[in-house]
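Chemist: Got a structure for you, questions after.
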Amino acid sequence: MARLRIIGGDGLEQVVDVREQRLQIGRGRDNDVVLPDPEKGVSRTHAE
Numbered sequence: 105m106a107r108l109r110i111i112g113g114d115g116l117e118q119v120v121d122v123r124e125q126r127l128q129i130g131r132g133r134d135n136d137v138v139l140p141d142p143e144k145g146v147s148r149t150h151a152e
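For the sequence shown, my numbering begins at 105 and goes up steadily by one.
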């Protein structure tokens, strides 16, 4: 199984198991992985 490792600006790490062939990432609530970004440097749907 693939894993996505996310390290935030504060140094905190989040590991997400990728179980689907497609994974949507961004700051919007409807994404599979939601990236908190109060400064809005990340798109609502940043990557798929």
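No residue lacks a Cβ here, since even glycine has one placed at the ideal position from N, Cα and C.
Could you have a look at residue 134 and say whether DSSP puts it in helix, strand or coil?
Modeler: Of the three classes helix, strand and coil, the one that applies to residue 134 here is coil, per DSSP.
Chemist: Please confirm if residue 146 has its CB atom under 9 Å from at least one CB of chain B.
Modeler: As a matter of chain content, chain B is missing from the structure shown, which is built from one protein chain.
Chemist: By how many angstroms is the C-alpha of residue 114 removed from the C-alpha of residue 127?
Modeler: So the two alpha carbons sit approximately 24 Å from each other.
Chemist: Taking 7 Å as the limit between beta carbons, can you name the residues of its chain near residue 118, skipping five residues before and five after?
Modeler: 110, listed in sequence order.
Chemist: Where DSSP assigns a beta bridge to residue 107, which residues make up the other side?
Modeler: Bridge partners of residue 107: 121.
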